[in-house]
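Residue numbers (full-length UniProt numbering): 1 to 152.
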Ligand code: RP5
């Protein structure tokens, strides 16, 4: 994430990864305040064994795009809901990548963070049948938890 202040949002991705028993690491890496840290992080990500990067940032949210410029791993961008522009700035900063450097852009805020983890799980499940089974089970539980009518 681009700032410690993004943790309220990105913690939802972390919780979802934990629920699916997917190992992960969390780092604060700012495209603007720690550009060298970002370059080091993204350039070494594949060799360190990472398989998918979830990059969340707000405002002038250049973190996912710059991360994608340094690595060919899948990068999932989560637009953090900013105070000034309610996350529209984050969304547009992340989604409008130039052709050739893809970022999979999620929804703004909590839903985007949860879905980034679930999409990462889908990607990883292609080569991990046990994870695919856990993902299927999680989906089934979600479906079963939806009531057929509003309850008290
Ligand atoms: C972005 O600036 C971060 O991703 C964060 O969403 C936003 C504000 O950062 P702070 O000023 O709260 O550290 O780089």
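Just so it is clear, CB atoms sit at the ideal spot from N, CA and C, and this is done for glycine as well.
Does residue 76 come out as helix, strand or coil in the three-state DSSP assignment?
By 1-based counting over the chain shown, the position of residue 76 is 76. The answer is strand: DSSP assigns residue 76 an E or B state.
Could you check what DSSP says for residue 108 in three-state terms: helix, strand or coil?
The residue labelled residue 108 in the question sits at position 108 within the chain shown. Coil, per DSSP.
Who are the near neighbours of residue 82 in its chain, counting only those whose CB is closer than 6 angstroms to its CB and skipping five residues on each side?
Working through the chain shown from its first residue, we reach residue 82 at position 82. Within the same chain, 58, 59, 89 and 90 come within 6 angstroms of residue 82 by CB-CB distance, once the 5 residues on both sides are set aside.
On the premise that residue 121 lies in contact with residue 106, defined as a C-beta separation below 8 angstroms, what is that separation, rounded to the nearest angstrom?
As a working note, residue 106 is residue 106 in the chain shown. As a working note, residue 121 is residue 121 in the chain shown. Between the beta-carbon of residue 106 and that of residue 121 there is about 13 angstroms, and that puts the pair past the 8 angstroms contact cut.
Alpha carbon to alpha carbon, how far is residue 6 from residue 130?
As a working note, residue 6 is residue 6 in the chain shown. As a working note, residue 130 is residue 130 in the chain shown. Rounded to the nearest whole angstrom, the C-alpha separation of residue 6 and residue 130 is 31 angstroms.
Does the Cβ-Cβ distance between residue 56 and residue 97 come in under 8 angstroms?
As a working mapping, residue 56 is identified with position 56 in the chain shown. As a working mapping, residue 97 is identified with position 97 in the chain shown. No; because the gap between Cβ atoms is not below 8 angstroms, this pair is not in contact.
To the nearest whole angstrom, what separates the beta carbons of residue 20 and residue 54, a pair I think is in contact under 8 angstroms?
Against the chain shown, residue 20 aligns to sequence position 20. Against the chain shown, residue 54 aligns to sequence position 54. At roughly 13 angstroms, the Cβ-Cβ gap does not stay under 8 angstroms, so residue 20 and residue 54 are not in contact.
Please check the pair residue 9 and residue 99, which I expect to be a contact at CB under 8 angstroms, by giving their CB distance rounded to whole angstroms.
As a position in the chain shown, residue 9 is number 9, starting the count at 1. As a position in the chain shown, residue 99 is number 99, starting the count at 1. The Cβ separation is near 28 angstroms, so there is no contact.
For residue 31, the three-state DSSP class (helix, strand or coil)
Taking the first residue of the chain shown as 1, we reach residue 31 at position 31. In the three-state reduction of the DSSP assignment, residue 31 falls in the coil class, being assigned neither a helical nor a strand state.
Which residues mark the beginning and the end of the alpha helix (DSSP H) in which residue 19 is found?
Mapped onto the chain shown, residue 19 falls at position 19. Its alpha helix (DSSP H) spans residues 7 to 19.
Residues in its own chain within less than 7 angstroms of residue 45 by CB, not counting five upstream and five downstream?
Here residue 45 refers to the residue found at position 45 of the chain shown. Around residue 45: 53, 71 and 73.
Look up residue 57 in the DSSP assignment and give the residues it is bridged to.
Your numbering for residue 57 matches position 57 in the chain shown. Answer is 79, bridged to residue 57.
Beta-carbon contacts of residue 29 that lie in its chain and below 6 angstroms, excluding the five residues immediately before and after:
Position 29 of the chain shown holds residue 29. Contacts found: 37, 38 and 41.
Roughly how far, in whole angstroms, is the beta-carbon of residue 51 from the beta-carbon of residue 124, given that I think they are within contact range, below 8 angstroms?
As a working mapping, residue 51 is identified with position 51 in the chain shown. As a working mapping, residue 124 is identified with position 124 in the chain shown. Yes, residue 51 and residue 124 are in contact; Cβ-Cβ is about 6 angstroms, under 8 angstroms.
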